[in-house]
Each structure stands twice: as C-alpha cells, then as structure tokens.
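Worksheet: the structure to be examined is printed underneath.
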Amino acid sequence: MTKGTSSFGKRHNKSHTFCRRCGRRSYHIQKSRCSSCGYPAKKKRGYNWSFKAKMRRTTGTGRMRHLKIVHRRFRNGFREGTQPKPKQRGPAVAGAAKP
Numbered sequence: 001m002t003k004g005t006s007s008f009g010k011r012h013n014k015s016h017t018f019c020r021r022c023g024r025r026s027y028h029i030q031k032s033r034c035s036s037c038g039y040p041a042k043k044k045r046g047y048n049w050s051f052k053a054k055m056r057r058t059t060g061t062g063r064m065r066h067l068k069i070v071h072r073r074f075r076n077g078f079r080e081g082t083q084p085k086p087k088q089r090g091p092a093v094a095g096a097a098k099p
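Using full-length UniProt numbering, read the sequence shown as starting at 1 and increasing by one per residue.
As structure tokens, this is what we get:
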C-alpha cells in the first residue's frame, strides 16, 4: 500500500477557500472559520508562540497612509500655523566653478 505520490492524486476536494477578511486560502468551508485570522470572530486570531506571524501582519507592513504623516508631525512636536525661516543667501557656494 503506497502512502505517497499515488495517494496525492486522489485529492480533488477543497476544504479551505479564500477568507473575506484576510484574503488567505484558510477559510474552512464546513467549519465556517478561518484558520489564519479567526473570521467570523470579532477579534483577530494571533498567538504569542508565533511571533513572526504577528509581525507579518502588524502595523508598518502596509501603506500607513495616515500614521506615517502623524509620525512626522510627532517628531516636530505637532506644530501648526508656523512659517519656515527664510533661507539665508550668503556668499557663493565654495564648490562652485569660477571662470
């Protein structure tokens, strides 16, 4: 009785389909539960024994359209309504070519 290649050829039923929350092919059709994110549970699935899996989907892995602007404003102390100081026009730059 073979347990390898010939047995794998008989598998043609899908137990998992795409999850509508995380997009992975981890949504179990009969259980109605995603094995990756835990959908339809309200809280997202994540365990401390898989720290790398948490880091793959944490803040900073996407575009951060709003947070990257907030971070820049935080570094400058959330200042608003100020004008930048005018740049000083001093003597010519030292490396400039002279005829």
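Quick reminder that beta carbons are idealized off the backbone N, C-alpha and C, glycines included.
C-beta atoms of Cys22 and Ser36 nearer than 8 Å | yes
In three-state terms, what does DSSP make of Arg33?
-> strand
Cβ pair Leu67, Thr61 closer than 8 Å = no
For the putative contact between Gly46 and Lys54, defined by C-beta atoms under 8 Å, what is the C-beta separation to the nearest angstrom?
-> 5 Å
Are Arg25 and His12 close, meaning C-beta to C-beta below 8 Å?
-> no
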